[in-house]
Amino acid sequence: MNNPQLDKHGELQHLLTTEGLPAKILLNILDRASAFMGSADGGEIKKIPLLHGKSIFNIFFENSTRTRTTFEIAAKRLSADVVNLNVSSSSASKGETLLDTVDNLCAMHADMFVVRHSSSGAAHFIAKHVAPEVHVINAGDGRHAHPTQALLDMFTIRHYKKEFHNLRVAIIGDILHSRVARSQIHALTTLGVPEVRVIAPKTLLPTMVEHLGVQVHHNMAQGLRDVDVVLMLRLQNERMQGAALPSAQEYFKYYGLTKEKLALAKADAIVMHPGPMNRGVEIDSAVADGVQSVILPQVTFGIAVRMAVMSILAGK
Amino acid sequence: MNNPQLDKHGELQHLLTTEGLPAKILLNILDRASAFMGSADGGEIKKIPLLHGKSIFNIFFENSTRTRTTFEIAAKRLSADVVNLNVSSSSASKGETLLDTVDNLCAMHADMFVVRHSSSGAAHFIAKHVAPEVHVINAGDGRHAHPTQALLDMFTIRHYKKEFHNLRVAIIGDILHSRVARSQIHALTTLGVPEVRVIAPKTLLPTMVEHLGVQVHHNMAQGLRDVDVVLMLRLQNERMQGAALPSAQEYFKYYGLTKEKLALAKADAIVMHPGPMNRGVEIDSAVADGVQSVILPQVTFGIAVRMAVMSILAGK
Amino acid sequence: MNNPQLDKHGELQHLLTTEGLPAKILLNILDRASAFMGSADGGEIKKIPLLHGKSIFNIFFENSTRTRTTFEIAAKRLSADVVNLNVSSSSASKGETLLDTVDNLCAMHADMFVVRHSSSGAAHFIAKHVAPEVHVINAGDGRHAHPTQALLDMFTIRHYKKEFHNLRVAIIGDILHSRVARSQIHALTTLGVPEVRVIAPKTLLPTMVEHLGVQVHHNMAQGLRDVDVVLMLRLQNERMQGAALPSAQEYFKYYGLTKEKLALAKADAIVMHPGPMNRGVEIDSAVADGVQSVILPQVTFGIAVRMAVMSILAGK
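Protein chains in written order, with our numbering: chain A, 1 to 316; chain B, 317 to 632; chain C, 633 to 948.
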């Protein structure tokens, strides 16, 4: 089967998932992002005319001001024209099919789509359908993938740890429903991280998650021991009303990241979170605001990584 | 009575309706749009600085992501600054009058308003009120007019049929409630189309529609015979709950465009639709996606036509 | 106590309130705005590249299309990139704290925040928290302050009256709930207006309002006598359902500005209103549209004043 993300020369045509992307492609994105960061210490991202005259459509079938904003800023820093479409309040409600909506936007000479959708596979579906000169970036589809989040996480890890091949990384929380976790696992294993652990209660783990190449832990004390990188996941509030979880308090007691639990990791371990955080649920404020937290640098790096992806796609 | 759309030199001051506009004005817009299309085969529309520094306000009292987007893209391709105002959620709800809202926007040095409103005549009302250097484009007012849609339809017809004077054109569907149909009829007759037919059940036809210069048909088999151009209208879902129509299924049976019915038209007839389509209601997918369909080129041409209108108005 | 709006050199770092700002700072903003107006007669505001490459975030926790639009236009005239965030529909609903939201936006390399919030003090709170190179403009916080509105009012007064030191100014309406009135009073007294009156029923006046340096009147006939400037306030519709006011009709009878009442002011008195107006409640249409009204010039001047504030902050 062809990789729908690569063209016949093996270059990136769409960014839909980190699954199946060669390490060379991932590293190329990280390197390009480094160039956009300017100095290595997180310097200023300047406005550059790389995408002048290009039209980028943010099509959000699922509302997300934060993610939409990071793509909007990245596109404007590249001098592109950005059109925001909140499709839930639009033609979809007039009975138009998804493909008709996409066809129409293509006919307006869109150069790139940034798509968020509640259905797994929506971005792939759109990517298969668009003209060859149009590029699709998946900004999150159902439980499936959120590749730019995983890439900015890889950028952050490389920024602080320099290498991937000697790391222990733990992903903690609702692995079952998390597109972020899936994309992180694929990126980490592709980039050569030898030990990726997931820590979660059984109700929040996919069946046969070991097949993704991870170690499974149900206990923070075991799972956090000697790790270099702690990747927290956001706990969706709606999960707590279901059968999966007893209560936010109990979750925090067993799986919330506190200073005490973090002390089990390596002394120089870094703590990451994709945001928005539920303080006091999955993470304690003392950790979120502590010296090991690199949660805000993640956001800054996220702009550079999205600029990198857009410029690589558009530069073809 | 003066034509409120023309200045004292007979040049376009506002675009409010195709009714009463001389053929010369209509053709000038189509010619300008052709220039923006670049090559004749639907090539790239480049970004040009014609409206740099101009402020264009999209004032949508009635929500329409699609139409708003096409105007936004057209304005950005002309390098204008675009401000989107969804007025229903704004001052209107604070009790401000329409004229006060418009006065305020004028005072912010708007150069052009693109207005959509559910009341027929709203764009005329605003155009009468603004300062002489401000231009108004009607993006749809009630059942009255939608001139840029009609103009992009004329552009599409000319693109595929070269001439207007030898054509038979059929407009099919809910003529009664359609501002698109009204604007199409005026444009077609002005441009010299000798035979314009409307095909609809009696409940969806305005009284004395013949006075607009059209032939009336209630039967697709008669109405479609030997036509060169088929203009489908969107069937508003809300109509189907009223007394005007029995059901979507029955409507489709009698007035939905299928391959069988389309075979009655000329072999090289083109099929158009303003979108969004109700597949299986007014049009069958086999026709919508068939070789005679020029529905997606319509969308591309629509950007060029809107750029043409904006640049003609601003260039005065 | 330090003034949180000024840096250690006494220059403007944030614009949060007119209270406590030296006259020199206020006049500097007005002078800069005059330069942006071009000619003295309200000429064109040209697009200038002063803020090219800067990112300005309009963060509106409280909806206001009009105010948001004026800031958006001002920022675009300065060539900044503008990102609009309607935060009520965003992360706030996902349980994120205000500080986390602000931290995240800072991490995206925002250069300036324009903040509207329903809580008094929100803009101060954010300003204390952001990095030293980020600037905050208060676009209205609860009942506390709305400094750009007061500054555009001062600009308007100076435009028509040339001087402040010889004026009588009356502020009329719901002083109690009005952030506009508070900001006007501080600006007027700082700029040397010798007589500032407030006219309102007792239920719409703050306790001990005299301590702000104003004369209190409950009667229009007394309060309007010989004033040079009449500053009307908007009556919030929701007040009229409470105990504070009997009815809109009765309010209009006693406190609505009519031609008859305005005749008590000086013959060349000017009438101002921050908009949107409730015609027939706080102001009669004959006055709103009359020769003494400068309500629409206020809007034009408002763009120049906001450009001035943004360019002074960014130019540091």
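In this text, a Cβ means the ideal position worked out from N, Cα and C, and glycines have one as well. As the structure is a computational prediction, the values presented were derived from the model and not from experiment.
For V545(B), the three-state secondary structure derived from DSSP is strand.
A direct Cα-to-Cα measurement between V846(C) and N278(A) gives close to 47 Å. Contact annotation for I473(B) against chain A: no contact, minimum CB-CB distance about 17 Å [criterion: below 8 Å]. The C-beta separation of V196(A) from V230(A) comes to about 12 Å, leaving the pair out of contact by the 8 Å criterion. Between L507(B) and A339(B) the beta-carbon gap is near 6 Å, inside 8 Å, which marks them as a contact. Neighbours of G529(B) in chain C, taken as residues at a C-beta separation under 7 Å, are lacking, since the least C-beta distance is about 42 Å. With the criterion set as a beta carbon lying under 7 Å from some beta carbon of chain A, the members of the region 383-400 of chain B are T385, T386, E388, I389, K392, in sequence order.
Taking the beta carbon of L612(B) as reference, the chain A residues within 9 Å of it are D103, N104, C106, A107, listed in sequence order. Minimum Cα-Cα distance from K679(C) among the listed residues F692(C), R709(C), D663(C) corresponds to R709(C). Under a 10 Å Cβ-count criterion, E728(C) is classified as buried, with 16 or more other Cβ atoms of the shown protein chains found around its own Cβ.
With a cutoff of 8 Å on beta-carbon distance, D153(A) and M272(A) are scored as near each other.
Here I25(A) carries a helix assignment [DSSP, helix/strand/coil]. Beta-bridge annotation (DSSP): M740(C) is not paired with any residue. DSSP places R143(A) in the coil class of the three-state scheme, outside both helix and strand.
In this structure, the CA atom of T788(C) is about 58 Å from the CA atom of V597(B). Spatial neighbours of L528(B) in its own chain (CB-CB distance under 7 Å, excluding positions within 5 residues in sequence) are listed in chain order as I501. At a cut-off of 8 Å between beta-carbon atoms, I303(A) makes contact with chain C.
At least one beta carbon of chain A lies nearer than 8 Å to the beta carbon of D732(C). None of the residues of the region 446-475 of chain B has a beta carbon lying less than 9 Å from any beta carbon of chain A.
Per the DSSP secondary-structure output, D713(C) pairs in a beta bridge with S687(C).
Runs of the beta strand (DSSP E) spanning 3 or more residues and lying entirely within the region 154-203 of chain A occur at 168-172, 195-199, in chain order. Taking C-beta atoms as the reference points, V193(A) and L167(A) count as a pair closer than 8 Å.
CA-CA distance, Y254(A) to L15(A), rounds to 36 Å.
Of the other Cβ atoms in all chains shown, 16 or more fall within 10 Å of the Cβ of L662(C); this residue is therefore buried. Under the 8 Å criterion on CB atoms, T65(A) is classed as non-interfacial with respect to chain B.
When C-beta atoms of the region 740-749 of chain C are compared with those of the region 686-694 of chain C, three or more pairs fall below 8 Å, so the two segments count as touching. In terms of CA proximity to V452(B), A443(B) leads the group G572(B), G458(B), A443(B). Taking a 10 Å sphere around the C-beta of K478(B), we find fewer than 16 other C-beta atoms and assign the residue as exposed.
Ranked by Cα distance from A936(C), the options A455(B), V615(B), A438(B), H425(B) are led by H425(B). Interface flag for S609(B) against chain C is unset, since no Cβ pair is found closer than 8 Å.
Residue environment analysis places T67(A) among the buried positions, since at least 16 neighbouring C-beta atoms fall within 10 angstroms of its C-beta. For H330(B), there is no enclosing alpha helix (DSSP H), as DSSP gives it neither H nor E. For P274(A), no CB of chain C lies under 8 Å from its own CB, so it is not counted at the interface with that chain. Collapsing the DSSP output to three states places F252(A) in a helix. Judged by DSSP secondary structure, Q854(C) falls within the alpha helix (DSSP H) whose first and last residues are 852-855.
In the DSSP annotation of this structure, the continuous segment of the alpha helix (DSSP H) that includes I758(C) starts and ends at 754-761.
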